[in-house]
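A.B. asks: Everything in the sequence shown is counted per this note's numbering, starting at 478 for the first residue and increasing by one.
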Amino acid sequence: MAAKINEAHDHIAKAEKYLRTSFMKWKPDYDSAASEYSKAAVAFKNAKMLEEAKEAYLQEAEAHTNNKTLFHAAKALEAAGMMLKDMQRIPEAIQYIERASMMYVENGTPDTAALALDRAGKLIESQDLAKAVDLYQKAASVFENEDRLRQAVEMLGKSSRLLVRQHKLDEAAVSIQKEKNMYKEIENYPTCFKKTSAQVLVHLHRNDFVAADKCVRESYSLPGFSGSEDCIALEQLLQGYDEQDEDQVHRVCNSPLFKYMDNDYAKLSVSLRVPGGGKKKKAPAADAGEGGAGAGEADEDEYAGGLC
């Protein structure tokens, strides 16, 4: 352990020497200094001195920045972020990774920037869903600007699911529509059908039947949607919801088509209730002649959920 610490300090001393100027040396040797700071960071890391390792990576990043080698500067910033992650200082780690992503874009390597933002989103998900959504949306924008729609829509999908998890359904509806548009653009129509199902669930939880119905109607323009399993199920769901037939809504929402959606949407499915909070419809009495009490119970059930 002591040997590693001494090794690290030796590398720091060499880096500082490379940065010094003199009468015979007018310009700092940033490249050599960056290399020594990197070696120092690794030695500190191996000695379990994570704070010192983080500082060495930041000094490496500064040397690379001064040397105009932005890609390597960004890599060093990411490494500093990983040290903070290991110290359980996730929000600070995210700040460095975001800075690194901006450097990647400036350097002309946007794909690397988007992947860094994706990694940052995964890191922060367990602590701050809103920040994770922001990071995934930024990653999606970077991919979209590069016409990498398949990667962009994957990031948007993560964002949409987290918005649903936070019950930010208005924002989720917008995000899912954008996903659907992208899938349509790359002609992945079966996934468009699934996104329509997600849209309908979100809109019904927003108590916006008109928007849900509009999503289905618009999807008829998608090749293969009309008459598909998704189309039939959604028509039955909307019919049951509109007619306040909780049995039908329950049956459709518990079908495999909905139960095996992504978990956040599956939860929307099983928790969907018809307006008015009425009970499930009961089967009609076998003998209408068993009259008075049965009829009274039927009337009571009809209004048990309140007037609609």
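Ideal placement from N, C-alpha and C gives every residue a C-beta, glycine not left out. No experiment lies behind these values; they were computed from the predicted model shown.
Distance check for Ala510 and Ser493, CA to CA, integer angstroms please.
C.D. replies: Note on identity: in this sequence residue 493 is Glu, with Ser being the wrong assignment. Taking the straight line joining both Cα atoms gives about 7 Å.
A.B. asks: Going by the CB atoms, is the gap between Leu626 and Glu569 shorter than 9 Å?
C.D. replies: Not closer than 9 Å, so no.
A.B. asks: In three-state terms, what does DSSP make of Met501?
C.D. replies: Met501 falls in the coil class under three-state DSSP.
A.B. asks: Rounded to whole angstroms, what's the CA-CA distance from Asn797 to Ser674? Just pull it up for me.
C.D. replies: Not covered by the structure: residue 797. The range shown for the chain is 478 to 785.
A.B. asks: In whole angstroms, what is the alpha-carbon distance linking Met478 and Leu535?
C.D. replies: In a straight line, the C-alpha of Met478 is about 22 Å away from that of Leu535.
A.B. asks: Going by C-alpha to C-alpha distance, which of Thr586, Glu575, Ile574, Ala480 sits closest to Glu623?
C.D. replies: Selected option, being the one with the closest Cα: Thr586.
A.B. asks: Hey, how far is the Cα of Ile653 from the Cα of Ser636?
C.D. replies: Approximately 9 Å between the Cα atoms of the pair.
A.B. asks: Can you tell me which of Gly717, Leu681, Gln643, Asp707 puts its alpha carbon nearest to the alpha carbon of Phe670?
C.D. replies: The option with the nearest alpha carbon to Phe670 is Asp707.
A.B. asks: Beta-carbon within less than 6 Å of Glu767's beta-carbon, same chain only, minus the 5 sequence neighbours each way: which residues are those?
C.D. replies: Residue placement at Glu767 cannot be trusted, given a pLDDT of 41 that sits under 50; the coordinates are not used to answer.
A.B. asks: Under the assumption that Glu656 contacts Leu633 (Cβ atoms under 8 Å), give the Cβ distance between them as a whole number of angstroms.
C.D. replies: 5 Å between Cβ atoms; contact.
A.B. asks: Pairs of beta-carbons, one from the segment 699 to 706 and one from the segment 716 to 728, closer than 8 Å: are there three or more?
C.D. replies: Result no; under three Cβ-Cβ pairs closer than 8 Å.
A.B. asks: If you run the structure through DSSP and keep just helix, strand and coil, what is Met738?
C.D. replies: In this structure, Met738 counts as coil in the three-state DSSP scheme.
A.B. asks: How big is the Cα-Cα spacing for Ala540 and Leu561?
C.D. replies: Going from the Cα of Ala540 to the Cα of Leu561 covers about 20 Å.
A.B. asks: For Val687, count neighbouring Cβ atoms within 10 angstroms of its own Cβ and tell me buried if that reaches 16, exposed if not.
C.D. replies: It is exposed - the Cβ of Val687 has fewer than 16 other Cβ atoms within 10 Å.
A.B. asks: Leaving out five residues on either side along the sequence, give the residues of the same chain with a beta carbon under 6 Å from the beta carbon of Ala556.
C.D. replies: Tyr534, listed in sequence order.
A.B. asks: Using C-beta distances below 7 Å, list every residue in its chain close to Ala480, excluding the 5 sequence neighbours before and after it, in chain order.
C.D. replies: There are no such residues.
A.B. asks: Our contact map puts Glu529 next to Ala485 with C-beta atoms below 8 Å; I'd like the distance itself, whole angstroms only.
C.D. replies: That pair is a contact at about 7 Å.
A.B. asks: Would you mind reading off the limits of the alpha helix (DSSP H) that contains Arg638?
C.D. replies: Here the alpha helix (DSSP H) through Arg638 covers 626 to 642.
A.B. asks: Let me make sure I understand the geometry here. Which of Phe620, Ala616, Cys692 has the alpha-carbon closest to that of Val651?
C.D. replies: The residue with the shortest Cα to Cα distance from Val651 is Cys692.
A.B. asks: Around the C-beta of Ser455, are 16 or more other C-beta atoms found within 10 angstroms, so that it is buried, or is it exposed?
C.D. replies: This structure leaves residue 455 out entirely; the chain is present only between 478 and 785.
A.B. asks: For Asp605, name the three-state secondary structure that DSSP assigns.
C.D. replies: Asp605 falls in the coil class under three-state DSSP.
A.B. asks: Can you give me the C-alpha to C-alpha distance between Met564 and Arg642, rounded to a whole angstrom?
C.D. replies: Cα to Cα, the separation comes out at about 28 Å.
A.B. asks: I need the straight-line Cα distance from Val726 to Thr546, nearest angstrom please.
C.D. replies: Going from the Cα of Val726 to the Cα of Thr546 covers about 59 Å.
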